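K.L.:
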Amino acid sequence: MSFSGKILDWYHQNKRTLPWRNTIDPYNIWLSEIILQQTRVAQGTPYYLRFIESFPTVGHLANADEEEVLKLWQGLGYYSRARNLHATAKIVVNEYKGVFPDNYKELLNLKGIGDYTASAISSICFNEAQAVVDGNVYRVLARYYGVDIPINSTEGVKYFKTLAQKVMDTEQIRDYNQGIMEFGAIQCSPKKPLCLHCPLNNSCVALQKGLVEQLPVKLKKTKVRDRYFNYIIPIYMDPKENYFTKIEQRIGKGIWQNLWQFPLLESKKELELDEIIFRYKEVLDDIEVNEFLEFNESAIIHKLSHQHLHAKFWIVKTNSDFADKISMEKLKQFPVPVLIADFIKAFKI
DNA sequence: AATACGGGGCA
DNA sequence: TGCCCAGTATT
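Anchor point for the first sequence: position 311 equals 311 in the UniProt record's numbering, and the numbering is continuous, going up by one each time.
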């Protein structure tokens with residue numbers, strides 16, 4: 001039996017029941033694919049369910065505020081996905097009359113939809129013969145065909161897309177595409193693949209050559225950058241003993257775009273209390289300070305793919321009634337990075 | 001052709 | 001700790 005035939009057989013026997021598997025509605029498939037970019041099924045599933053509940057149709061999503069979309073996305077990371085998701089929903093509603101494009105080429109023009117996602121949507125929803133090439137597919141093909149071209153090189157991207165197109169089942173592309181990804185996730189996994197009882201184990205090149213552990217080949221990623229974040233958190237208590245603080249939206253380029261955070265003083269190295277006292281006015285209005293409190297004695301190391309953030313939180317108690325202050329209740333409604341959400345959760349007056 | 005972009009799970 | 005995850009956009 002052919003490679004694709006065995007993948008299809010395996011899939012029909014081993015497919016998981018997932019919330020987006022009972023539909024071929026482009027809205028549902030699109031949403032699931034965006035959520036699952038660089039994200040495990042286990043992590044993305046609850047987000048998918050909450051999105052579908054909050055926004056049953058692309059129209060509901062298009063009519064939402066970006067703030068609401070980001071809040072629902074909070075904790076999932078790669079927030080450009082959420083911003084592009086919202087932008088694309090508006091385009092589908094306003095320029096496509098609420099109907100998604102029904103082919104790979106047009107889907108590719110939408111924000112946040114690249115080769116993989118356009119292939120996934122066009123094949124799953126419209127049976128277009130476009131092979132998906134995600135992390136699972138790279139691994140399965142590299143091992144089965146014994147390919148050692150780096151999967152993240154320009155040559156590798158082209159080579160594997162061509163190979164994927166060559167070996168796919170064009171007649172059953174909907175199941176085949178999901179099948180090869182599922183096979184990569186469950187059977188041909190990155191660590192400890194289940195080669196012993198694999199339906200492809202008599203023809204897998206990597207298994208025959210003992211190269212399963214070495215494939216796929218991936219170029220080294222760049223080193224991480226260390227940054228030092230000092231969050232300066234004003235706390236104001238009004239005459240009724242309600243507490244207020246201040247929060248700002250991140251603008252411009254870089255991480256956490258359009259999410260919210262406390263006034264931030266970034267430094268070249270970790271700062272001491274006297275330096276905070278000396279410099280806090282760089283990020284805070286000139287307020288009368290009652291007391292400085294060091295919330296965490298040792299910096300919290302918040303690790304991202306490309307940055308290690310050394311975060312310290314400084315509480316500034318004040319008697320000055322400042323502008324734009326918000327209550328501690330309202331604070332919880334803002335979309336914030338996990339680093340900030342964890343602080344808010346832990347913070348007590 | 002490289003790099004930026006999150007957060008979590010696993011050996 | 002390092003690697004990986006149903007990748008895309010920007011430089």
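Even glycine gets a Cβ: it sits at the ideal position worked out from N, Cα and C. Just so it is clear, the structure is predicted and the values come from calculations on it, not from any experiment.
Looking at C-alpha atoms only, which residue of 269, 143, 220 and 248 is the closest neighbour of residue 359?
P.N.:
Past the boundaries of the shown model lies residue 359; the chain is included only from 1 to 349, so the question cannot be answered.
K.L.:
Would you decide whether residue 5 is buried or exposed? Buried here means 16 or more other CB atoms lie within 10 Å of its CB.
P.N.:
exposed
K.L.:
If we count Cβ pairs, one from each stretch, closer than 8 Å, do we get three or more for the region 11-22 versus the region 177-191?
P.N.:
yes
K.L.:
Following a CB-centred definition, is residue 163 positioned closer than 7 Å to any heavy atom of the ligand HEM?
P.N.:
Within the structure as shown, the ligand HEM is missing, as the structure has no ligands at all.
K.L.:
Kindly provide the ranges of any beta strand (DSSP E) runs that are 3 or more residues long and lie completely inside the region 173-259, ordered along the chain.
P.N.:
225-237 and 243-245
K.L.:
Apart from the five residues on each side of it in sequence, which residues of its chain come closer than 7 Å, Cβ to Cβ, to residue 343?
P.N.:
For residue 343, the CB contacts under 7 Å within the same chain, skipping 5 residues up- and downstream, are 313 in chain order.
K.L.:
Residue range of the alpha helix (DSSP H) that residue 20 falls in?
P.N.:
Here residue 20 belongs to no alpha helix (DSSP H), and DSSP marks it neither H nor E.
K.L.:
In this structure, does DSSP put residue 71 in helix, strand or coil?
P.N.:
In the three-state reduction of the DSSP assignment, residue 71 falls in the helix class.
K.L.:
Going by CA-CA distance only, name the one from 278, 82 and 126 that's closest to residue 111.
P.N.:
Closest by alpha carbon: 82.
K.L.:
Whose C-beta lies closer than 8 Å to the C-beta of residue 124 among residues of the same chain, with five residues either side of it excluded?
P.N.:
Counting only Cβ-Cβ distances below 8 Å, and skipping sequence neighbours, we find 24, 29, 174, 177 and 178.
K.L.:
Can you give the beta carbon distance from residue 141 to residue 118, rounded, assuming they're within the 8 Å contact cut?
P.N.:
With a Cβ gap of about 19 Å, residue 141 and residue 118 do not count as contacting.
K.L.:
Considering only the alpha carbon of each residue, which of 128, 276 and 304 lies closest to residue 291?
P.N.:
Ranking the options by Cα distance to residue 291, first place goes to 276.
K.L.:
With distances taken from CA atoms, which of 231, 194 and 161 is nearest residue 135?
P.N.:
161
K.L.:
Which residues bound the beta strand (DSSP E) around residue 265?
P.N.:
Where residue 265 is concerned, the enclosing beta strand (DSSP E) starts and stops at 264-267.
K.L.:
Just to confirm before moving on: does the CB-CB distance between residue 121 and residue 26 stay below 8 Å?
P.N.:
Yes, Cβ-Cβ distance for residue 121 and residue 26 is below 8 Å.
K.L.:
Give the secondary structure of residue 302 by DSSP, where H, G and I count as helix, E and B as strand, and everything else as coil.
P.N.:
strand
K.L.:
Roughly how many angstroms separate the alpha carbons of residue 334 and residue 271, rounded to a whole number?
P.N.:
Residue 334 and residue 271: Cα-Cα distance of roughly 27 Å.
K.L.:
For residue 129, which of helix, strand or coil comes out of DSSP?
P.N.:
coil
K.L.:
Residue 265 and residue 294: beta carbons closer than 8 Å?
P.N.:
no
K.L.:
On the DSSP bridge assignment, give the partners of residue 309 in chain order.
P.N.:
227 and 302
K.L.:
Measuring alpha carbon to alpha carbon, tell me which of 79, 261 and 1 ends up nearest residue 332.
P.N.:
261
K.L.:
From the DSSP output, in three-state form, read off residue 45 for me.
P.N.:
helix
K.L.:
Could you work out which residue in 56, 76 and 38 is closest to residue 355 when comparing CA atoms only?
P.N.:
Nothing about residue 355 can be reported from this structure: the residues present for the chain run from 1 to 349 only.
K.L.:
Pairing CB atoms from the region 64-75 with CB atoms from the region 98-107, are three or more of them under 8 Å?
P.N.:
no
K.L.:
Just mark residue 358 as buried or exposed, buried being the case when its beta carbon has 16 or more other beta carbons within 10 Å.
P.N.:
Outside the displayed span of the chain (1 to 349) sits residue 358, for which this structure offers no information.
K.L.:
Would you say residue 206 and residue 215 are within 8 Å of each other, going by their C-beta atoms?
P.N.:
yes
K.L.:
Would you tell me roughly how many angstroms separate the C-alpha atoms of residue 7 and residue 37, rounded to the nearest one?
P.N.:
22 Å
K.L.:
Residue range of the alpha helix (DSSP H) that residue 343 falls in?
P.N.:
338-346
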